[in-house]
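**Student:** I'd like to ask you about the structure that follows.
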Amino acid sequence: MPLYFFRIRNGRYSGCAEQATECDDRDAAWKEMTSVCADMAAGISRKLQENSEWNMELLDEAKKPVFRISIIAESFD
């Protein structure tokens, strides 16, 4: 089974999981990513500051991005 890693970026902070997640295929990896992101979304949005961005990426075994989900907070003042 293919291995995938999660990476989260929030402003200057960026961290990648050291332990891989096994998924049957690309579709299963997408479902896993959206499930993990959904579990985290409420906590992220409560702490998000104006004009900031939060990203979660799913990386393949070579640690190249496969998917990215972004939450962006913009001020139009």
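Per my numbering, residue 10 is the first one in the sequence shown, and the count goes up by one each step. No residue lacks a Cβ here, since even glycine has one placed at the ideal position from N, Cα and C.
Within 10 angstroms of the Cβ of tyrosine 13, are there 16 or more other Cβ atoms? Answer buried if so, exposed if not.
**Tutor:** By the neighbour-count criterion, in which a residue is buried when 16 or more other Cβ atoms sit within 10 angstroms of its Cβ, tyrosine 13 is buried.
**Student:** Between which two residues does the beta strand (DSSP E) carrying methionine 65 extend?
**Tutor:** 61-68
**Student:** Quick one: what does DSSP say glutamate 31 is sitting in, helix, strand or coil?
**Tutor:** strand
**Student:** Answer with buried or exposed for alanine 38, where buried requires no fewer than 16 other C-beta atoms within 10 angstroms of its C-beta.
**Tutor:** buried
**Student:** In its own chain, which residues sit with a C-beta less than 8 Å from the C-beta of alanine 82, not counting the 5 before and 5 after it?
**Tutor:** Leu57, Gln58, Glu59, Asn60, Ser61 and Glu62
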